[in-house]
Each structure stands twice: as structure tokens, then as C-alpha cells.
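To start, the structure under review is shown below, and the notes come after it.
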Amino acid sequence: MAHRVLHRGNDVIQVIFENLSTEPMSPVDRWSEERSSLARLAYTCKAFSPCALKILWRSLPSMMPLLSLLASSRGDRLLGGKHVGEVTQRSYSLVLKEPIAPESVLCFKRYASLVRVLRVDGLPHYDLAIFSYLEEAGLRSPLLPSLQDLSCRRSRITATTVGWVIGPSLRSFSAINYVDMRYQRNPEGVSKIESLLNGLHLSSPRLEVLEVADRMSCWNLSIALALSQLRVLDISRSRPCDTDFLRSLAALPRLHTLKIPEITGQPSPVPGGFRHLMNLAIVGDVDSLAFAVETIHPHQLRTLSVMIREPFECVDDAHGLFPSICNRCSRTLEEINIEYDLEPPEDEFTLTDILEPFHAARNVRVFTLTSEYKVSFSDADLVAIAKHWPALRALDLDYEEGPQLPTLWGIADLAGACPDLEEIALAIVEWPLQSSPPDKERDQGQRRAKNLKRLKLGQKDDSGQTRGADPRVVASVVRRLFPVFDLKGSREMVHYHYNALKLIFGSGGTFWRDVLAEMEKLPVGN
1 MAHRVLHRGN
11 DVIQVIFENL
21 STEPMSPVDR
31 WSEERSSLAR
41 LAYTCKAFSP
51 CALKILWRSL
61 PSMMPLLSLL
71 ASSRGDRLLG
81 GKHVGEVTQR
91 SYSLVLKEPI
101 APESVLCFKR
111 YASLVRVLRV
121 DGLPHYDLAI
131 FSYLEEAGLR
141 SPLLPSLQDL
151 SCRRSRITAT
161 TVGWVIGPSL
171 RSFSAINYVD
181 MRYQRNPEGV
191 SKIESLLNGL
201 HLSSPRLEVL
211 EVADRMSCWN
221 LSIALALSQL
231 RVLDISRSRP
241 CDTDFLRSLA
251 ALPRLHTLKI
261 PEITGQPSPV
271 PGGFRHLMNL
281 AIVGDVDSLA
291 FAVETIHPHQ
301 LRTLSVMIRE
311 PFECVDDAHG
321 LFPSICNRCS
331 RTLEEINIEY
341 DLEPPEDEFT
351 LTDILEPFHA
361 ARNVRVFTLT
371 SEYKVSFSDA
381 DLVAIAKHWP
391 ALRALDLDYE
401 EGPQLPTLWG
411 IADLAGACPD
421 LEEIALAIVE
431 WPLQSSPPDK
441 ERDQGQRRAK
451 NLKRLKLGQK
461 DDSGQTRGAD
471 PRVVASVVRR
481 LFPVFDLKGS
491 REMVHYHYNA
501 LKLIFGSGGT
511 FWRDVLAEME
521 KLPVGN
């Protein structure tokens, strides 16, 4: 019982660490106090249970909790050392202000051996001279001998830091948006990202997941080929690569997830290659996408994600590109995510125009569409999806309004036709809503969808669309149509959906939030 409670309390411990490493720096030295607080927390957990101590140190948001065990620190200004104005996180780096005692080294090693996950998601910075002090104190790389997952996002993490913390135990490494544009290359002409990755196959030969985002540097992508145990490779936010490099990835025997940038060159499939590839994410215009698909030539994909860029004709190019993939993977393809990163054309499209190229994949469980296209579809068009994807579990359609829009009644009919459907998000639906559908008698039985749990609905930018619509009426209808409706889950969809900014700052979601608020007031069973 205590073990389960501690696992639930892990989120609280993570918040403590985040506050320790991300609170704004004040000119007053406060790190000694924080170090003492951290020590008290650790000792309390140790006294309570050895399991609690491991949970506390298993996942860290920065190196600071560990470094604080070595010695107290202070914040030094980064620019010229001038202490003027307000001291903020971006204007200082942390340095140790006292020698490292031998007993502190022993304490550091004990806790460092417990760390499995290190997520460096931002500030504070610390002076790289710290590593010189560590070496003088007798500490050696790897500092975190059990580290399995290193994630560096929005941080000034450097190759020096990575080299000190990683070792043979590392399984996953992610470096996103950390490169300083002012210092792209060292005197030898090697980019920072390249120097960071060059030794990974030696220091961490069992690395399985590599994610790198660096569009500014022309780093040598072939570095990834030395990592023979790779299962997941994400270089989608790097510079374009050619089909020769893509073909060489077929030599990675365990690769099952591949996310790649734009592709150039001439397509040529690799016989017997990419045999275990199950998840593919590609990006680019019609030629780049065709090069990628024809070179990889997947046969057993489970997930296909595509970001489409100019030039691309929505209907013609989609029909020429996607049916072949969906036919080859018709039995295995379960999730399709399509994003049209294009200027919206003047033409309007029907829902069939958008979905038809993917109909050959008969086992789709999740479908996501992101676009600014004007899409017109009725309730009947929505329900027709069930004929092609009867196993659908989640449907997410983001679009601009067309002449026809679906209603709650159509959503209920779709959910009734897809017994596994639990989640629907539609950017715009038809409001206002009357208390009963035209065929009132059907509402008494068949239209009660007992499977749909989460729902997010938007509205036209014209706020007049919902004028006269009563959220209390809609709330009552939603409760009647969807008996297992998950209010908490639906609210989370509104807050964390990829289109959340539109919902917060625009009009495309305020009415639905009012509906959810009214549903909370309804008595259970109403």
C-alpha cells in the first residue's frame, strides 16, 4: 500500500525538484537553504522507505539537485559580471562557491547511482568550470552510471555536459532546440551537434532512441548509422536528407520508428529493407513525400504521420500518393495523422475528398486531420466513416467551415456505428441546437451512444452562430445522448488540444466550454 502511495506522490516530488531548479534567481544567496531542504526531504524518504528514496531520485528535471549535494553555489552574471538591474534566470550561471569535501563526493555518488532519467528542460544555467572541480575531487565520467533517458530541451546543454553524464546504460537521448546560433561551429569546422553525437556509439553502444532537432547546422546524418541498436530515430526537424542516406537506414536491423525531414534525390527501394518499420513520419511537398514512400516502401506500418507542404494539390496528389501505402498496409495500419501545412485554397472540399485516399486501410483506429481547408459535410457524411473504419476509436478533424456542418445527432449516430469509438474532436459543428432532433422518436433509444466518452466541439468564428443557443439545453442533450460521457477528459481535450490557442484566444470553443460547465451542474443520472 505504501509503495502505491509513493508512486502517486511522485508528481509532488517532481514539482519540488522543478521549483528547486526553475525559480527566479535573487541577488541573495539562497542555495544553501535549498540544499538543506533537499537533504531533509531525502533523509525523510530514506527513513520512511528505501523505495521512497529511489522514487525521489529516479527522475530529475536538472543536474542541480545532484550538484547541490557537492557544495553550495552562487549565481554569477553571464554578461561581463555587472550586477545591475534585476537578476533573472537568463542572466546568470551557477558556480560552486566552496571546495568539494570528500564526504560530499560519497554522498553524490550514492544518489547519482539512483538516477535513471534526466530531463534538462531549460534553466538554470551552470558554469562548465564545475566539471573541472568535479575532476579535481576525483569524480569521473559517467557521473550517472545508471542513466537510461537523457532529454535536453530548450537548454544550453553542451557536449561537455553530455559526455560527463552518459555511459553504457543510456537507452534514449533527445536534444531539441538547444543550439546557440552564434556559435554553430568550432575551429575545426565541426558543428556542436556533430561533436555531441560523434562518440555516442562508443560511450552508449546500446542506445535505442535518438531524437535530434537542429535545422541550423549541416551535421553529418550518417553518424546515426553507427548506432546499430537504434529502434527509434527522429531527425524530422533537421535539414533535408537525400535518398542515399534513407536507403542506408535499411541497414539498422531493429528500426521500428522513423521520423525524417524533407527528402531529395531519386527514389529506389531497398529489397528486404525496413522489415520491422512500424511507425513512419514524413514531411514535405509532393515530390519529397513520394521519394520517401517509394524508397522506404513500407509493408507493415501501424502509424503513418504526414505533414504536407507546398506544392501539393489536395485531391489529385493525395489520390496519387496515399492509396498505395494504405493498400500495402491495409491490415496493419491503425493510426493516420495528416497535417496540411498549406495556404488554404479558395475551393471547398467535402469530407470524402479528404478521407477517400486513406479508405484502403480498413483497420484504422485513430485518424487526425489538421488543415485550414473549408470542409463541407453533413451528418450522413460523418456516419459514412463507419463503413470504411468500423474499428475507429478516436477521430480528430480540424478544418474551416463549409456550407454544411455536422450536428450532435450525427456524432451520436457515428458513435453508434463504431462500437469502439471513445473520442471525437470536431473544429466546427452546427449551432444552435434544438432540444430534440427532427425524428424525436429515435432519440429515445437508438441514438444513445454508450461508448463515446470524450468530446470537443468548436463553433464558427462568427459569435452570432450560437446566439439563441442555450448551453443548458445542449448539456442536457449531451448527457442524454452519451451516458458514459467523461467530463474531466473532455475538459482536458479543450485545454491541451493542439488547437488550444484558438480555443483560448478566439471564439472557436467558448460555447462548448459553457456547455461543459453546465454539465457539471447536472445531477448524476439526469
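Be aware that the sequence shown starts at 1, since it is given in the UniProt record's numbering, and climbs by one per residue.
Backbone N, C-alpha and C fix where the C-beta goes; we use that ideal spot for every residue, glycine too.
Under 6 Å Cβ to Cβ from residue i, same chain only, skipping five residues before and after it: list those, please.
i	result
D234	E211, K259
R58	R116
W512	L457
F349	Y373, V375
E339	M307, T370
V270	R247, A250
H388	H359
L395	F367, I424
S174	S151, E211
E86	With a pLDDT of only 41 at E86, under 50, the local geometry of the prediction cannot be trusted, and no value is derived from it.
Please classify residue i as buried or exposed, where buried requires at least 16 other C-beta atoms within 10 Å of its C-beta.
i	result
Q266	exposed
K456	buried
S222	exposed
G272	exposed
E334	buried
E520	exposed
G138	exposed
R231	buried
G81	Since pLDDT at G81 reaches only 42, below the 50 mark, its modelled position is unreliable, and the value read off the structure follows with that caveat. G81 comes out exposed.
A101	exposed
S228	exposed
R206	exposed
R254	exposed
T243	buried
H297	buried
E208	buried
L304	buried
residue 527	Examination of residue 527 is not possible in this model, given that the chain is present from 1 through 526 alone.
R331	exposed
S132	exposed
E430	buried
P403	exposed
T160	exposed
L280	buried
L106	exposed
S268	exposed
T295	buried
L414	buried
N327	exposed
D420	exposed
A129	exposed
DSSP puts residue i in a beta bridge; with which residues?
i	result
R119	S151
V366	E335, A394
T257	V232, N279
D242	T264
A175	C152, V212
E422	Answer is none; E422 lacks a bridge partner.
R454	E423
G284	I308
K374	E348, E400
residue 545	Nothing can be reported for residue 545: it is not among the residues displayed for the chain, which extend from 1 to 526.
Using a Cβ-Cβ cutoff of less than 7 Å, which residues in the same chain neighbour residue i once the five nearest sequence positions on both sides are dropped?
i	result
C418	A386, P390, L392
G489	K453, R454
P483	R448, K450
R30	Residue placement at R30 cannot be trusted, given a pLDDT of 41 that sits under 50; what the coordinates show is reported in the next sentence. Result list for R30: empty, nothing under 7 Å.
S113	P145, S146
Excluding the 5 residues flanking residue i on each side, which residues of the same chain have their C-beta closer than 8 Å to its C-beta?
i	result
L522	A475, S476, R479
E136	I100
V315	F349, D353
Segments of 4+ residues assigned as alpha helix (DSSP H) that fall wholly inside the segment 188-238: 192-197, 200-203
In chain order, each beta strand (DSSP E) run of at least 3 residues that lies wholly inside the segment 295-354: 303-308, 335-340, 348-350
Three CB pairs or more closer than 8 Å across the segment 310-327 and the segment 250-264: no
Cβ pair count under 8 Å reaching 3, the segment 378-386 against the segment 317-324: no
Sufficient close CB pairs (3 or more, under 8 Å) joining the segment 161-168 to the segment 135-152: yes
Inter-stretch contact (C-beta, 8 Å, three-pair minimum) for the segment 287-305 and the segment 341-356: no
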